[in-house]
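Asker: Its first residue numbered 776, the sequence shown is counted upward by one per residue in my numbering.
Even for Gly, the Cβ is constructed at its ideal location relative to N, Cα and C.
Fair warning: this is a prediction, and the values are worked out from it, not measured in the lab.
Can you read through this structure? Questions will come right after.
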Amino acid sequence: MARKRTGSVLPLLAGILLLAACAGGGPSGEAPAETGIPGVLPPRPNVVIVLVDTLRADAVGFGGAARDTSPRLDAWARRGVVFEQATTPAGWTRTAVVSLFTGLYPAAHGVQDKDHVAPESLLMLAEVLRGAGWHTAAFVSNFAVAARFGTGQGFDTFRFFDKGEAPPGAPEKLNYLPIEYMDPEVRAFLAHPPREPFFAYVHTTDPHYPYLPPPEYLRWGTDPRSRYDGEVLYTDRYVGEWLDAMERSGVLGRTVVVFTADHGEEFHEHGGTGHGVTVFEECVRVPLVVWAPGLRPGRRRALVSLVDVPPTLLEAAHVPSPAGFAAEGRSLWPLIVEGDPRRGWNWNYSELVYPSKGIAFTYREGDEKVVHIVRDKLGRRDWSGLYDVAHDPFEQRNLASRRPDRLREMRAKLRAVRQEHLRAARATANPQPLDEDAIERLRALGYVD
C-alpha cells in the first residue's frame, strides 16, 4: 500500500517533451491548448511552490467553478499539467504544510495540533535543495506556519508578513496580511531573483476566513460563499501577475512551478463551515498544477497527494533524494512527462487528527471513498460514510447502509493505511506552550475555539 518512488525518466526528457513556441507577453487572454513554456528543462532549474491557503479545488475555473473566479489561473492552467484529483494529507494548514515539505503523512511527521512544532530531526525540502546549492526563500502570511513552528528549516530567508504591517485603510477585521501587501516583495524576487538556482515557497492566506476581499471583487454578493469567491478572484489577479512577470523576465523559462493549496473550505455541504473539522471532498481536494519549460500541457486523473510534491521536485531538479526523505511520497514526474499510467496511483488518504477540534480519516480507492469520523464538533461519533465520488462528487448519498460489506472492506483498508503511517513515524512533534498573542492569532484563524 505504501507509495514508492519510481525510476527516473529524465534521460527520456529531451525526446518526449514538446518544444512549443509561445507569443510574448502574459497569458491574460486565451492560451491555445498546445502552448507550453518554451525551452527545455535546464539541469539545475529554479523551483517555486505557490500555495494559496484554503483554496478548494472546485473554487477555480480549471477545477470546475461555476463562477469566473480565476481567469488568469485558468489561462495558465491550459499551459500546464493539471492534476484533477489531488488531495491534501491533512485538513488544516500546519499539518498539511509539514507534509508538503517532508513527503510524509501526518502520523509519520507527528505535527498535528495547534501547539505542535516541527522537530529539527525532520528533513525538509528546503534543506535538501539548499544542501544541493539552491538559494532558498519563503514568503508566508499565515501565522499557523510562521517559522516559530519549525517550518523555516532550510530557508536562507523566511519572510513572514505580519498583519501588523498593514497600512492605514486595510481591513481591520482581517487576521492576516492580504496578498496585495505581499505582492511587491514576492514579485520582485520571482522576476529578478538575487541568485539562481533558487527555491521559493510563497504562501498566501487569502481566501481564508473572514472572506473580506476589496469591494471591487465582490461581484457575486455578500454571503460567505460569494465573499470567498471574491477573495479567490482577488488572489487570482496577483498569482497570475507573478507568473506573467516571471515570463517577461525570462526566469520562467528556467523554472519548475507548482501551484496548489493546503486544504479546502466547507460551506455547509456536510453540516459545518470552515476547515479543520471534516475530511469530505470540499476540505481535502486541492488544486495542483505544474509548469516547466517544454512540458506538454494536459490533465491527469491519477489520485495524488501533496506528499508526492517533494520527490517530484527533486527529480525535476536532478537532485538525488537523501535516504529516507519523502519516504511516503512518490515522484509525479513520470505522470507529468508521460501522462496517466494504466496502473498504480489509484488511492489516496487524508486525515484530521486535531485533538482540540476532531478526529477523522478518509480513504479513496478508484471512485469509492470511505469517511470515518471518530468525533467532530458537530456531534458525530464513530460515524462512517461510503460514497461513489464519480456519480456523487459532493458526497451527498451515503451508501453505507446499502453496501455494508463494502463499507467494512474499505474501513479495513483505511485502518491498514493508517497503521502503516504510524509504523513509519519518524519524529514526535514538540508541543510548545503558546503565549496569549499566539493563542489569539490562532483563534482568529479558527484554530483555537
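Measure from the alpha carbon of D1011 to the alpha carbon of each residue in R905, F1034, A883, then state which is nearest.
Answerer: F1034
Asker: Would you identify the three-state DSSP class for Y1013, choosing helix, strand or coil?
Answerer: helix
Asker: From V1059, D1157, T1030, pick the residue whose C-alpha is nearest to that of V1149; which is it?
Answerer: D1157
Asker: Tell me the DSSP secondary structure of R1076 in three-state form.
Answerer: Strand at R1076.
Asker: Using the Cβ count rule (16 or more neighbours within 10 Å means buried), how would you classify E940?
Answerer: Its Cβ having fewer than 16 others within 10 Å, E940 is exposed.
Asker: Any beta carbon of chain B sitting closer than 7 Å to that of G1160?
Answerer: You won't find chain B in this structure, because it holds only one protein chain.
Asker: Can you tell me whether Q928 is buried or exposed, with buried defined as 16 or more other CB within 10 angstroms of its CB?
Answerer: Burial of Q928 is indicated by the presence of at least 16 other C-beta atoms within 10 angstroms of its C-beta.
Asker: Ends of the beta strand (DSSP E) at Y861?
Answerer: Here residue 861 turns out to be Ala, not Tyr, going by the sequence shown. Here the beta strand (DSSP E) through A861 covers 856 to 862.
Asker: Out of V1164, H891, E971, which one is the CA nearest neighbour of R905?
Answerer: For the residues V1164, H891, E971, the minimum Cα distance to R905 belongs to E971.
Asker: Report the residue from P959, G1154, I954 whose alpha carbon sits nearest the alpha carbon of P989.
Answerer: I954
Asker: Kindly identify the DSSP beta-bridge partner or partners of R1159.
Answerer: Arg is not the amino acid found at residue 1159; the sequence shown has Ser there. Residue pairing by DSSP places S1159 opposite H1147 in a beta bridge.
Asker: Using the Cα positions of Y976 and V1032, report the straight-line distance between them to the nearest angstrom.
Answerer: 10 Å
Asker: Could you tell me which of A913, A852, H1093 sits nearest to R1075, measuring between CA atoms?
Answerer: A852
Asker: Among all the DSSP beta bridges, which residues are the ones paired with L1089?
Answerer: L1089 is not bridged to any residue.
Asker: What would DSSP say about Y1138, mapped onto helix, strand or coil?
Answerer: Residue state, collapsed to three classes: strand.
Asker: Buried or exposed: P864, going by 16 or more other Cβ atoms within 10 Å of its Cβ?
Answerer: buried
Asker: Between the beta-carbon of A871 and the beta-carbon of H1038, is there less than 7 Å?
Answerer: Contact: yes.
Asker: So, W1120 versus E1140, is the Cβ gap smaller than 7 Å?
Answerer: no
Asker: Evaluate contact between the stretch 1181 to 1195 and the stretch 1131 to 1139, counting only Cβ atoms and requiring at least three cross-stretch pairs below 8 Å.
Answerer: yes
Asker: Any chance the stretch 909 to 917 sits against the stretch 887 to 896, with 3 or more Cβ pairs inside 8 Å?
Answerer: no
Asker: May I ask which residues mark the beginning and end of the alpha helix (DSSP H) holding L1197?
Answerer: 1179 to 1198
Asker: Quickly, what does DSSP pair F930 with across the bridge? List them, please.
Answerer: Answer is none; F930 lacks a bridge partner.
Asker: What's the C-alpha gap between Y1124 and G944?
Answerer: 43 Å
Asker: Might you give, ordered along the chain, the residues of its own chain that have their beta carbon closer than 7 Å to the beta carbon of A907, omitting 5 neighbours on each side?
Answerer: So the qualifying residues of the chain are V1094.
Asker: For T829, I'd like the list of residues in its chain whose CB is within less than 6 Å of its CB, leaving aside the five on either flank, ordered along the chain.
Answerer: P982, H983, E1040
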